[in-house]
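Residue numbers for the sequence shown follow my numbering, beginning at 75 and rising by one. Just so you know, even glycine gets a beta-carbon here, dropped at the ideal spot from N, CA and C. Since we're looking at a predicted model, the values are computed, not measured.
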Amino acid sequence: MHEGLIIAASGGIKQQVKMDVLANNMANLNNAGFKSDGLVFREIYPPFDEDSSAEASKNAMLPPNDSSANVAYVAVDTLYTDHSQGTFQTTGNPLDLALEGEGFFEVDTPNGVRYTRNGNFSMKDKFLVTQDGNYLLDTNKQKIKIEDATGKIDVGSDGLITLGSGFGNIPAGTIRLVKFEDLKALAKEGNGLYKIIDNEAKPLKADNVRIAQGG
C-alpha cells in the first residue's frame, strides 16, 4: 500500500480513538463521581521501537518496507484522566455523599478492594453499598453496618456516621477516605471504580478531603 495512504489511515484511526473517548465522556457526564478522559498524541518515525510497533499492529497499520525516517505517523502518547474537582448538587438524600478534595471512598467488591468517588450510596441488608452493591468500608477496613436506620443518618465532613434525631446520637463508624501520591497508579475499571495498577502504590489516609452530605 502507498505510504501516503497509510499515513492518512493512521491519522483517521487516531481521530476515531479521540471520538470514542469524547463519546464516553459525554455518555457519563451526569454520572456521580465520573472523571473525564483525555488523549495526548505524538509523532512516530520509522524504524519503529517496540512500543510503537505494538501500537501499529493493534490498529492494522503496518509500515511499508521503504518507509522514510522523514515521514511521521500519528500515535497515542497518553490516555489520561482529569481528576479536577467537580460540582456539588443537593439531592435531599442523606446517603448521597460528595468528596471535596483529592480522595476516594474505599469499597469491597467481588474482585477485591477498589476506590471510587461516586458517593451515591444506598442500604442493603443494613450495609451501606454502592449502586452496584459494593460495600463501603470504614477506617478499620470493615463493611459499614447501620443497625437502626429509622432515625436520621448524619455524615460529618470527616466521615463520622451518627444515627439519631438530636441528643444522644449513636456513632455507626467512620468512612475510610484514602488518597494516592500519584494518581497514575490507578486505572479505571468501569462503573466509577478504580483499581491499583502499580504494586508499589499504597493508599494513604486522606487528611485534606471533606464529605458533603446530599440531604
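Check, Outcome
"I'd like the ranges of any alpha helix (DSSP H) spanning at least 4 consecutive residues and lying wholly in the stretch 151-184.", "none"
"Please go through the same chain and pick out, in chain order, the residues whose beta-carbon is closer than 6 Å to the beta-carbon of Asn282, but skip the five residues on each side of it.", "Gly175"
"Can you have a look at Pro184 and say buried or exposed, based on whether 16 or more other CB atoms are within 10 angstroms of its CB?", "exposed"
"Within a Cβ cutoff of 7 Å, which residues of the same chain sit near Asp222, ignoring the five residues on either side of it in sequence?", "Leu237"
"Measuring alpha carbon to alpha carbon, tell me which residue in Asn208, Tyr189, Lys109 is nearest Lys269.", "Tyr189"
"Candidates Lys226, His157, Asn273: which alpha carbon is nearest Leu169's?", "Lys226"
"Taking all protein chains shown into account, do 16 or more other C-beta atoms lie within 10 angstroms of the C-beta of Thr164, making it buried, or fewer, making it exposed?", "exposed"
"Glu107: buried (16+ other C-beta within 10 angstroms of its C-beta) or exposed?", "Sequence check: residue 107 is Gly here, not Glu. Buried, since its Cβ has 16 or more Cβ neighbours within 10 Å."
"Identify which residue in Gly186, Lys279, Leu96 has its Cα closest to the Cα of Asp156.", "Leu96"
"Going residue by residue through the stretch 209-258, where are the continuous alpha helix (DSSP H) segments of at least 4 residues, counting only ones entirely within it?", "none"
"Just the C-alpha distance for Asn167 and Ala286, rounded to the nearest angstrom, thanks.", "11 Å"
"Let me know the secondary structure DSSP gives Ala83 once reduced to three states.", "helix"
"Give the straight-line distance between the Cα atoms of Phe254 and Val203, rounded to the nearest whole angstrom.", "23 Å"
"For Leu260, collect the residues of the same chain with a Cβ closer than 6 Å to its Cβ; drop the 5 residues on either side in sequence, then sort them by chain order.", "Tyr268"
"Taking the CB atoms as reference points, tell me whether Phe179 and Ala172 lie closer together than 8 Å.", "no"
"Could you compute how far the alpha carbon of Ile244 sits from the alpha carbon of Lys217?", "17 Å"
"By alpha-carbon positions, which one of Arg250, Asp228, Asp256 ends up nearest to Tyr209?", "Arg250"
"Would you say Asp151 and Val114 are within 8 Å of each other, going by their C-beta atoms?", "yes"
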